[in-house]
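Sequential numbering of the sequence shown, starting at 2, is according to this note's numbering.
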Amino acid sequence: MAIVTVVETPEFERRARSLMSEAERLEVIDFVARNPITGVAIGGGVRKFRFARPGGGKSGGYRVIHFYSPMTGRRFS
């Protein structure tokens with residue numbers, strides 16, 4: 002599967018700035034771009050997954066909700 006374009010919403014950008022480092026944010030974006038159907042489908046093209054925080058594991062990690070449209074190849078986090 003090809004890497005897709007990830008579009009960060011203003012809400013994601015705001016929360017990411019307050020919760021994670023720039024390197025962690027870029028790692029999440031890269032993961033989402035390379036794994037467009039990752040996570041649990043919660044309806045309407047929306048999916049959710051946990052991304053492990055360094056030293057925290059998945060249970061202490063970030064919860065990421067994203068939308069993927071295979072028609073456009075874009076993701077919104």
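Every residue, glycine too, gets a C-beta built ideally from N, C-alpha and C.
Since the structure is predicted, the reported quantities are computational estimates derived from the model, not experimental observations.
Judged by their CB atoms, G61 and F50 are not nearer to each other than the 7 Å cut-off.
Remark: C-beta atoms of G45 and Y69 do not approach each other more closely than 7 Å. Of all alpha-carbon atoms in T10, A53 and G57, the one lying nearest the alpha-carbon of F32 is that of A53.
Only buried fits A17, as 16 or more other CB atoms lie within 10 angstroms of its CB. Of the candidates P11, M21 and E12, the residue whose Cα lies closest to the Cα of Y63 is M21.
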